[in-house]
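Chains as they are written, first to last, in this note's numbering: chain A, 1 to 140; chain B, 141 to 280.
Protein chains: 2
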Amino acid sequence: MCHPIHGSCQEKNSPSHPCGCSEQKAPRFLQPFILLVLKDKDSYGYELIEKISEFQFHHSPPDVGAIYRNLRSMEKEGWVKSKWDTKGSGPAKRIYRITAQGEEMLHGWAITVKKRKEALDQFLRLYQSYYKKREKTERR
Amino acid sequence: MCHPIHGSCQEKNSPSHPCGCSEQKAPRFLQPFILLVLKDKDSYGYELIEKISEFQFHHSPPDVGAIYRNLRSMEKEGWVKSKWDTKGSGPAKRIYRITAQGEEMLHGWAITVKKRKEALDQFLRLYQSYYKKREKTERR
DNA sequence: GCATATATGTGTTATAATCATAAATATGAA
DNA sequence: TTCATATTTATGATTATAACACATATATGC
Chain A
1 MCHPIHGSCQ EKNSPSHPCG CSEQKAPRFL QPFILLVLKD KDSYGYELIE
51 KISEFQFHHS PPDVGAIYRN LRSMEKEGWV KSKWDTKGSG PAKRIYRITA
101 QGEEMLHGWA ITVKKRKEAL DQFLRLYQSY YKKREKTERR
Chain B
141 MCHPIHGSCQ EKNSPSHPCG CSEQKAPRFL QPFILLVLKD KDSYGYELIE
191 KISEFQFHHS PPDVGAIYRN LRSMEKEGWV KSKWDTKGSG PAKRIYRITA
241 QGEEMLHGWA ITVKKRKEAL DQFLRLYQSY YKKREKTERR
């Protein structure tokens, strides 16, 4: 198996593993979404949950635990770094910023995401050739 | 949680669950690919592995165990049905055919796949707006 | 007979998702 | 000033899934 955040990935620098994640069999995409949101602007767990929900990738908001655990392990791997923000109202926030390494990771993820998207396109084209635009009319 | 092949899906007929799978959080797509291939032509485990590999959805062929276990549970659910084929050379093949229920399932999957694809498009558009076509030049 | 290709399966472990809960801090209301 | 609520971070436990490894059976060609 090969998932960088859990450190079990062999041959991280092989040509087929541009970022250590591109060749995963069945990745979920919480990590790259976190990285992409952070690329735009430093943020923290609670806010990330809201922002990622807007992506409609996750019909329901991503799991709270998953967000925090991912952030921590991503920090351990060096893709992001955090500092406490005690300013502002409410409890202190742990603000995350994407690192240079994290951006490298994001580039790798982009390749993975693109491949996946193309496969889904291929699926949909074939599907539509079998059932001409069925889903337009028969949506319950 | 909601994955039909493992039978843990609550409220299968709710409006947000058109096929019992459309609202999954992070589905992998082996099942719909199997169904789509079967829609084209009856097939069996070993052949499905080859055909699905060609989809380049799975950079490496799908797990052998996953294929057979999925086929068995899909049959239990009624999406496909099988019969032994002893004709031809080599060991007997268990030939699968998609059922009417299976096609309903496939329609639901198509909605899921489309949503997922759109989210990935959204990811890629944002990504490319941050790094103008970086992956074209900096591919290692 | 024996290696090999084809074909179907099972067992186990590693990883990830999900659900439940805890705990701390500020805010506003009673 | 106490109490409920919103915000924020976090952990524990359970289940689901993926990945890897292995086992079995049948034909085919040497």
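Positions of the beta carbon are idealized from the N, C-alpha and C atoms, including for glycine. Quick caveat: nothing in here was measured; it's all calculated off a predicted structure.
In the DSSP assignment, the beta strand (DSSP E) including serine 269 (chain B) goes from what residue to what residue? As a first step, residue 269 (chain B) must be located in the second sequence, where it is residue number 129. It is not in any beta strand (DSSP E) - serine 269 (chain B) instead sits in the alpha helix (DSSP H) that spans 240-270.
Taking a cut of 9 Å between CB atoms, which residues from the region 86-118 of chain A lie near chain B? From the region 86-118 of chain A, only Glu103, Leu106, His107, Trp109, Ala110, Ile111, Val113, Lys114, Lys115, Arg116, Lys117, Glu118 have a Cβ closer than 9 Å to chain B.
Would serine 200 (chain B) be called buried (16 or more neighbouring beta carbons within 10 Å of its own) or exposed? For the purposes of this step, residue 200 (chain B) is taken as the residue at position 60 of the second sequence. Counting Cβ neighbours within 10 Å, serine 200 (chain B) comes out exposed, since fewer than 16 surround it.
One or two residues paired with aspartate 63 (chain A) in a DSSP bridge: As a position in the first sequence, residue 63 (chain A) is number 63, starting the count at 1. In the DSSP secondary-structure assignment, aspartate 63 (chain A) is not bridged to any residue.
Out of curiosity, what's the CA-to-CA distance linking serine 73 (chain A) and glutamate 50 (chain A)? By 1-based counting over the first sequence, the position of residue 73 (chain A) is 73. By 1-based counting over the first sequence, the position of residue 50 (chain A) is 50. Approximately 20 Å, taken between the alpha carbons.
Helix, strand or coil for serine 213 (chain B)? Go by DSSP, reduced to three states. Counting from one through the second sequence, the residue named residue 213 (chain B) turns up at place 73. Annotated three-state conformation of serine 213 (chain B) is helix, per DSSP.
For the region 104-113 of chain A against the region 86-94 of chain A, are there 3 or more C-beta pairs whose distance is under 8 Å? Not touching, per the Cβ criterion.
C-beta neighbour in chain A for tyrosine 208 (chain B), strict 8 Å: Indexing the second sequence from 1 puts residue 208 (chain B) at position 68. It does not: the Cβ of tyrosine 208 (chain B) has no partner Cβ on chain A nearer than 8 Å.
Is any beta-carbon of chain B found at less than 8 Å from that of leucine 126 (chain A)? Here residue 126 (chain A) corresponds to residue number 126 of the first sequence, with the count starting at 1. Judged by the 8 Å Cβ criterion, leucine 126 (chain A) is in contact with chain B.
Where do the ends of the beta strand (DSSP E) carrying aspartate 225 (chain B) lie? Along the second sequence, one-based indexing puts residue 225 (chain B) at 85. Here the beta strand (DSSP E) through aspartate 225 (chain B) covers 220-225.
Kindly list, in the order they appear in chain B, the residues whose Cβ is closer than 9 Å to that of glutamine 151 (chain A). Past the boundaries of the shown model lies residue 151 (chain A); chain A is included only from 1 to 140, so the question cannot be answered.
Output yes if chain A places a C-beta closer than 8 Å to the C-beta of lysine 272 (chain B); else output no. For the purposes of this step, residue 272 (chain B) is taken as the residue at position 132 of the second sequence. It does not: the Cβ of lysine 272 (chain B) has no partner Cβ on chain A nearer than 8 Å.
Let me make sure I understand the geometry here. Which of B:Lys255, B:Lys257, B:Gly185, B:Arg265 has the alpha-carbon closest to that of lysine 223 (chain B)? Position 83 of the second sequence, counted from the first residue, corresponds to residue 223 (chain B). Checked all of B:Lys255, B:Lys257, B:Gly185, B:Arg265; the closest Cα to lysine 223 (chain B) is B:Gly185.
Please identify the residue among A:Glu104, A:Gln122, A:Lys132 whose C-alpha is closest to the C-alpha of glutamine 31 (chain A). Taking the first sequence and counting its residues from 1, one reaches residue 31 (chain A) at position 31. Checking every option, the nearest Cα to that of glutamine 31 (chain A) belongs to A:Glu104.
Among A:Leu120, A:Glu118, A:Ile34, A:Tyr131, which residue has its Cα nearest to the Cα of tyrosine 68 (chain A)? Sequence index remark: in the first sequence, residue 68 (chain A) carries index 68 (1-based). Considering only alpha carbons, the answer is A:Ile34.
Between lysine 181 (chain B) and chain A, is there a C-beta pair that is closer than 8 Å? As a position in the second sequence, residue 181 (chain B) is number 41, starting the count at 1. Under the Cβ criterion of 8 Å, lysine 181 (chain B) is not counted among the residues facing chain A.
How is serine 193 (chain B) classed by DSSP in three states: helix, strand or coil? Taking the first residue of the second sequence as position 1, residue 193 (chain B) is located at position 53. For serine 193 (chain B), the three-state secondary structure derived from DSSP is helix.
Based on the DSSP secondary-structure assignment, which residues constitute the bridge partners of tyrosine 44 (chain A)? Within the first sequence, the letter at position 44 stands for residue 44 (chain A). DSSP output for tyrosine 44 (chain A) lists A:Ile95 as bridge partner(s).
Suppose the cutoff is 8 Å on Cβ atoms and the five residues either side in sequence are ignored; what does the same chain contact list for lysine 221 (chain B) look like? Here residue 221 (chain B) corresponds to residue number 81 of the second sequence, with the count starting at 1. Its chain contains Glu215, Tyr236, Arg237, Thr239 as the residues whose beta carbon lies nearer than 8 Å to that of lysine 221 (chain B), once the 5 sequence neighbours on both sides are disregarded; these appear in chain order.
DSSP-derived helix/strand/coil call for phenylalanine 29 (chain A): Position 29 of the first sequence, counting from 1, holds the residue named residue 29 (chain A). Residue state, collapsed to three classes: coil.
So, is serine 183 (chain B) buried or exposed, given that buried needs 16 or more other C-beta atoms within 10 angstroms? By one-based count along the second sequence, residue 183 (chain B) stands at place 43. By the 10 Å Cβ count, serine 183 (chain B) comes out buried.
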